[in-house]
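For reference, the structure discussed in these notes is given below.
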Amino acid sequence: MTLRIDSLVVGYGKREVVKGATLQVRKGELVGLLGSNGSGKSTLIKTIAGINRHTRGSITWNGGTDLAALPRRELAKIVAYVPQSIGLSFALDIKEAVLLGRTPYFGTRPRDDDWDHVEAAMRLLGLDELGDRAVTELSGGQGQRVLIARALAQDPEILLLDEPTSALDIRYQWQTLSVARAVTRKNNVAGVIAIHDLNQAARFTDRVVFLHDGEVIADGPPADVYSPELIKRVYGVDVELSAYKGFVQVHPLSEHAEHHHRPAPFAPAFTPRPAEGRLELQA
Numbered sequence: 013m014t015l016r017i018d019s020l021v022v023g024y025g026k027r028e029v030v031k032g033a034t035l036q037v038r039k040g041e042l043v044g045l046l047g048s049n050g051s052g053k054s055t056l057i058k059t060i061a062g063i064n065r066h067t068r069g070s071i072t073w074n075g076g077t078d079l080a081a082l083p084r085r086e087l088a089k090i091v092a093y094v095p096q097s098i099g100l101s102f103a104l105d106i107k108e109a110v111l112l113g114r115t116p117y118f119g120t121r122p123r124d125d126d127w128d129h130v131e132a133a134m135r136l137l138g139l140d141e142l143g144d145r146a147v148t149e150l151s152g153g154q155g156q157r158v159l160i161a162r163a164l165a166q167d168p169e170i171l172l173l174d175e176p177t178s179a180l181d182i183r184y185q186w187q188t189l190s191v192a193r194a195v196t197r198k199n200n201v202a203g204v205i206a207i208h209d210l211n212q213a214a215r216f217t218d219r220v221v222f223l224h225d226g227e228v229i230a231d232g233p234p235a236d237v238y239s240p241e242l243i244k245r246v247y248g249v250d251v252e253l254s255a256y257k258g259f260v261q262v263h264p265l266s267e268h269a270e271h272h273h274r275p276a277p278f279a280p281a282f283t284p285r286p287a288e289g290r291l292e293l294q295a
């Protein structure tokens with residue numbers, strides 16, 4: 013099964029933000045969306061999630077299901093979306109907030125299976141350590157983990173994450189990316205993650221898609237796609253590339269850095285090792 017985005021155009025008023033984007037994401041694959049601020053990453057993810065409407069092109073799943081035409085409840089059984097942030101100001105405890113991800117599946121009352129999904133998602137994100145605290149008592153990073161757990165509790169076929177690590181410290185950044193990678197593989201989910209950190213993208217994603225001024229300008233495994241010329245074009249920064257433990261690494265250069273140790277040259281012939289994921293979604 014494949015998520016296909018074909019010649020997608022999305023705009024706000026007369027301004028086009030996504031301009032003819034075409035890409036695909038297979039089940040079991042985590043694809044990183046890369047690009048500078050304003051390049052169209054969030055707009056593209058929100059459009060796949062059904063929050064934005066496209067003016068041209070198509071978004072299809074499994075060979076022909078038009079995601080934009082599905083009722084919201086049916087779409088929520090396929091697609092889970094994690095925004096950059098959201099105010100968790102409502103009076104719910106953590107379990108109740110994560111349970112919101114199960115609402116497409118039950119009527120007036122959750123079943124045992126729904127609670128099993130909630131508890132499994134909470135364990136994955138380390139939220140069981142917080143007990144039954146109210147979401148209003150959580151830090152921004154903890155609240156972001158609740159949103160991710162809520163999405164995983166949906167048991168989605170497509171997982172969309174819009175810069176999910178922006179409010180997290182380095183421990184939970186790596187935990188969250190490890191969870192995203194493990195879930196896409198072990199639960200056969202098509203995953204798309206908008207991310208700023210090029211080195212984390214190289215470590216955790218199967219493929220990267222670079223957006224520049226709303227257009228897809230590169231698509232492929234990080235080791236094949238990353239180049240100083242491409243990164244300069246997208247971010248306006250001079251970089252050097254190296255290999256570390258089987259993964260490509262990006263090193264920004266500066267006038268000061270030129271006089272210090274330079275990284276070993278990048279050899280693009282290696283095959284990146286897959287990120288290991290030990291986390292299970294199943295209860």
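Position in the sequence shown (first residue = 1) + 12 = this note's numbering.
Virtual Cβ for every residue (Gly too), placed ideally from N, Cα, C.
These numbers were taken from a predicted model, which means no experiment stands behind them.
- Comparing C-alpha distances from Ser97 to each of Asp78, Glu41, Glu175, Tyr117 shows the shortest one belongs to Glu175.
- Listed in chain order, the non-local C-beta contacts of Gln154 below 6 Å within the same chain number zero, local neighbours out to five positions each way being set aside.
- Contact annotation: Leu171 and Gly203 have beta-carbon atoms nearer than 8 Å.
- Between Ala88 and Gln187, the C-beta gap is not smaller than 8 Å, which leaves the two residues out of contact.
- Within the DSSP bridge table, the entry for Tyr24 names Arg27 as partners.
- Leaving aside the five residues that flank Ala214 on each side, the residues in its chain whose CB is nearer than 6 Å to its CB run, in chain order, Pro234, Phe259, Val260.
- Contact annotation: Thr59 and Gly23 have beta-carbon atoms that are not nearer than 8 Å.
- Residue state for Asp225 is assigned as coil, using DSSP reduced to three classes.
- Arg183 and Ala92 have their C-alpha atoms roughly 24 Å apart.
- Selection Leu45, Lys198, Asn49, Pro83 evaluated against Ile63 yields Pro83 as nearest (Cα-Cα).
- With fewer than 16 other beta carbons inside 10 angstroms of its own, Phe118 counts as exposed.
- In this structure, the alpha-carbon of Asp250 lies about 21 Å from that of Gly44.
- For Ala230, the CB contacts under 8 Å within the same chain, skipping 5 residues up- and downstream, are Val220, Val221, Phe222, Val237, Leu242 in chain order.
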